[in-house]
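Engineer:
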Amino acid sequence: MSTGKERKTKTVQSVDRSLAILEALAKHREPIALTVLSVKLGLNISTVHRLLNTLIVAGFVEQEPNQGHYRLGLKTFEIGNAALYNLDIRSIAKPYLKELVDRCSETANLSVLNRGEVVYIDQVESPNIVKMFAKPGTRGPAYCTASGKVLLAALPPGELNQIIKETKFYKYTDSTITDPELLKKELAKVNQQNYASDLGELEEGVQCVAAPIRSHEGKIIAAISVSGPDARISQGFPQAELIKLITEAANRISLQLGFYR
């Protein structure tokens with residue numbers, strides 16, 4: 001019977017070796033020959049060649065047509081960019097999340113779109129006893145949340161239609177939009193005004209306002225939002241002022257990510 005420690009350290013050899021190849025290619029600035037790579041890794045040429053072929057098919061490695069040397073493929077660039085976006089967005093957005101909470105005393109969230117759902121990746125909680133809470137990593141429906149609508153509105157028509165087709169529309173409250181055509185009209189409005197609101201669509205008595213965050217390429221990659229009890233926001237903080245604060249925060253984060261209008 002294996003111990004907990006043994007189970008913890010057990011790995012898949014082919015995966016370990018493939019990762020070692022990627023690391024070696026990343027450290028080597030120029031394309032590298034198969035024989036050199038084999039020596040660096042301490043593996044026989046046939047093993048390295050087989051693993052390289054698998055990585056080429058997957059797009060993680062490319063082979064030069066003339067010399068036959070190997071280099072990292074575009075897929076590694078895509079994954080690296082995705083990781084950087086998530087890491088940079090959290091670190092850059094954190095001060096603005098805190099500032100929003102300081103200004104309006106309601107919970108501020110940072111979220112992204114994944115497989116047609118909203119994923120909350122960071123949050124600063126309201127100091128109030130009664131507050132909205134979504135633990136980072138929590139997933140939620142996109143069609144009836146302010147953040148979700150901001151992110152859905154940014155999608156190309158084909159991708160949006162596919163997500164709508166795969167979505168099971170559940171009527172959480174009387175205000176929830178469950179008609180795909182009405183949702184599309186709402187998303188067109190979101191695109192035009194550059195923010196989205198959720199007035200009790202997911203949870204009765206809860207308001208949320210969100211604005212888009214753009215990458216250096218101008219692509220909408222995340223949303224920043226503020227949510228709180230309907231009565232408290234309506235009475236203590238006019239929605240127009242809340243929208244202004246959130247869109248300003250989103251624009252400042254986008255600017256730090258390299259987006260210039």
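Counting in UniProt numbering, the sequence shown runs from 1 upward without gaps.
Even for Gly, the Cβ is constructed at its ideal location relative to N, Cα and C.
1. Going by C-alpha distance, which of 31, 198, 56, 68 is nearest residue 243?
2. Does the Cβ-Cβ distance between residue 92 and residue 55 come in under 8 angstroms?
3. On the three-state DSSP scale, how would you describe residue 262?
4. Taking the DSSP output, what are the residues bridged to residue 139?
5. Go through its chain and collect everything with a Cβ distance to residue 247's Cβ below 6 angstroms, but skip five positions before and after it.
6. With a Cβ-Cβ cutoff of 8 angstroms, do residue 117 and residue 140 count as a contact?
7. Does DSSP classify residue 12 as helix, strand or coil?
8. Please give me, in chain order, every unbroken run of the alpha helix (DSSP H) with length at least 4 that falls completely inside the region 151-238.
9. Taking only the alpha-carbon atoms, compute the straight-line gap between residue 113 and residue 62 and give it to the nearest angstrom.
10. Less than 7 angstroms separating the Cβ of residue 243 from some heavy atom of the ligand ATP?
11. Within its chain, find whatever has a CB closer than 6 angstroms to the CB of residue 60; leave out the 5 residues flanking it on each side and keep chain order.
12. For residue 122, which residues in the same chain have their Cβ closer than 6 angstroms to its Cβ, ignoring the five residues on either side in sequence?
13. Looking at C-beta atoms only, is the number of pairs between the region 204-221 and the region 143-150 that lie closer than 8 angstroms three or more?
14. For a test of the three-state rule: what should DSSP assign to residue 67, helix, strand or coil?
15. Compare the Cα-Cα distances from residue 96 to each of 231, 82, 125, 164 and report the closest residue.
16. Tell me residue 110's beta-bridge partners as DSSP assigns them.
17. Quick one, which of 58, 47, 67 has its alpha-carbon nearest residue 79's?
18. Could you tell me whether the region 217-229 touches the region 100-110, where touching means 3 or more Cβ pairs closer than 8 angstroms?
19. Given that a residue counts as buried once 16 or more other Cβ atoms are within 10 Å of its Cβ, and exposed if not, what is residue 145?
20. Does residue 2 come out as helix, strand or coil in the three-state DSSP assignment?
21. Quick one: what's residue 72 bridged to in DSSP?
22. With the cut-off set at 8 angstroms, would you say residue 37 and residue 26 are in Cβ contact?
23. Hey, residue 115 and residue 245: beta-carbon distance below 8 angstroms or not?
24. Enumerate in chain order the residues of its own chain whose CB-to-CB distance from residue 189 is below 7 angstroms, with the five nearest sequence positions on each side excluded.
25. In or out: residue 177 buried (at least 16 other Cβ within 10 Å) or exposed?
26. Would you identify the three-state DSSP class for residue 148, choosing helix, strand or coil?
27. Taking Cβ to Cβ, would you say residue 100 is nearer than 8 angstroms to residue 143?
Structural biologist: Taking the structure as given:
1. 198
2. no
3. Coverage of the chain is limited to positions 1 through 261, which leaves residue 262 absent and any answer about it impossible.
4. 119
5. 195, 211
6. yes
7. coil
8. 157-166, 180-193, 230-236
9. 30 angstroms
10. The ligand content of the structure shown is nil, which means the ligand ATP is not present either.
11. 73, 75, 76
12. 90, 110, 136
13. yes
14. coil
15. 125
16. 122, 224
17. 58
18. yes
19. buried
20. Model confidence at residue 2 stands at a pLDDT of 43, short of 50, so the residue's coordinates are unreliable; what they give is reported in the following sentence. Three-state result, residue 2: coil.
21. 61
22. no
23. no
24. none
25. buried
26. helix
27. no
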